[in-house]
Amino acid sequence: MKSEPDVFSIDDLAKNKRKTDHWDGIRNYEARNFIRDEMLKCDLAFFHHSNCKDPGIVGIVEIVREAYPDITAFDPTHKYYDPKSDPKHPRWFMVDIRLTRKLKRKISLRELKKHKALRDMRLLKRGNRLSILPVTAKQWNYIIKLEDN
DNA sequence: GCCAACGTTGGC
DNA sequence: GCCAACGTTGGC
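Everything in the first sequence is counted per the working numbering, starting at 1 for the first residue and increasing by one.
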């Protein structure tokens, strides 16, 4: 899960009550499908800082509530307002996440790219712009081990 | 249904 | 700040 640290960083999440927040503002169908269909309660995800000086994975979060309608899409005054999302048939969804822990160190995008084992990660593919991306179990375990390098 | 124009993302 | 990638929009 990607977030721009200038907008919402892992430290912002850590400061939240119960270290929990909802992940709103997803307005891309493929990312929406991941949120709606793939992210289940108790699943873990990497928290990734993007669009910053040194992008990379900075922490682990847990899905604590599965997909429910993204209410910011219904609010005309909200910057994520989407008139095409009908409350009766919501187009956009969000999940709640809770910070499990920050990584001991940031595992930068630059570092991830050096590992052949991670070659197929969506995050590392050229032109990728999705803010929610799948990680395989194999990739997950591999990355977790890098933390102690 | 095609596709040019346009806006956004995000690494560098 | 640049610019490639790419999703969306809208005229036809």
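Beta carbons are placed, not taken as given, at the ideal position from N, Cα and C, and that holds for glycine.
Contact annotation, Lys114 with Leu124: C-beta distance approximately 10 Å; criterion of less than 8 Å not satisfied. A residue is called buried once 16 or more other Cβ atoms fall within 10 Å of its Cβ, and His89, having fewer, is exposed. When DSSP reads this structure, Asp75 sits in no beta bridge, so it has no partner. Put simply, the backbone Cα of Arg36 is about 30 Å away from that of Lys104. Segment contact: the segment 135 to 147 against the segment 79 to 88, fewer than three CB-CB distances shorter than 8 Å; contact not assigned. Contact between the segment 92 to 100 and the segment 17 to 26 is present, with at least three C-beta pairs closer than 8 Å. In this structure, the alpha-carbon of Val64 lies about 15 Å from that of Phe34. When the beta-carbon positions are compared, Tyr81 and Asp75 come within less than 8 Å of each other. Closest option to Ser108, judged by alpha-carbon separation, among Asp43, Ile143, Asp12: Ile143. Glu62 is bridged by DSSP to Leu44, Arg98. For Asp70, there is no enclosing alpha helix (DSSP H), as DSSP marks it with neither H nor E.
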